[in-house]
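Numbering (full-length UniProt numbering), first residue to last: 1 to 116. Just so you know, even glycine gets a beta-carbon here, dropped at the ideal spot from N, CA and C. Given the structure is predicted, the values throughout are model-derived calculations rather than measurements. Only one structure is covered here, and it is reproduced in the block below.
Structure (structure tokens):
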């Protein structure tokens, strides 16, 4: 697992950390039961504030993607498995949209409208 952040991005660092973990789940690079780095280790590795990592982990916990347990750290939860299964569906949707000539921005807007 490689968690990345872009210091020059306008996106908040905690959201970048959370998005990186989500991407790893969708791509199947992590599975339920896998441990994430401790918040302190990750903060040190990324050279960001510990509370930034904790906020990202709390967001992922609130989404049901990880479990946070004292002494055990952050672990990918069993409820994250369906997210990985969506990867194939998402790839097929993106390919179909491209075949129809839709831009990624248009596809994203359509998805956003549908989910509202």
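{"Item": "Buried or exposed by the 16-neighbour rule on C-beta atoms within 10 Å, applied to residue 52", "Value": "buried"}
{"Item": "Close-in-space but distant-in-sequence residues of the same chain around residue 84 (CB under 7 Å, 5 per side omitted)", "Value": "25, 26 and 28"}
{"Item": "Minimum C-alpha distance to residue 47 - residue among 17, 108, 79 and 21", "Value": "17"}
{"Item": "Residue 109, DSSP secondary structure in three states", "Value": "helix"}
{"Item": "C-beta contact flag for residue 75 and residue 35 at 8 Å", "Value": "yes"}
{"Item": "Residues sharing a beta bridge with residue 75, DSSP", "Value": "35 and 67"}
{"Item": "Extent of the continuous alpha helix (DSSP H) to which residue 82 belongs", "Value": "81 to 99"}
{"Item": "Where residue 20 falls: helix, strand or coil (DSSP)", "Value": "helix"}
{"Item": "Extent of the continuous alpha helix (DSSP H) run through residue 135", "Value": "Nothing about residue 135 can be reported from this structure: the residues present for the chain run from 1 to 116 only."}
{"Item": "Spatial neighbours of residue 31 in its chain, beta-carbon cut-off 7 Å, leaving aside the 5 residues before and after", "Value": "76"}
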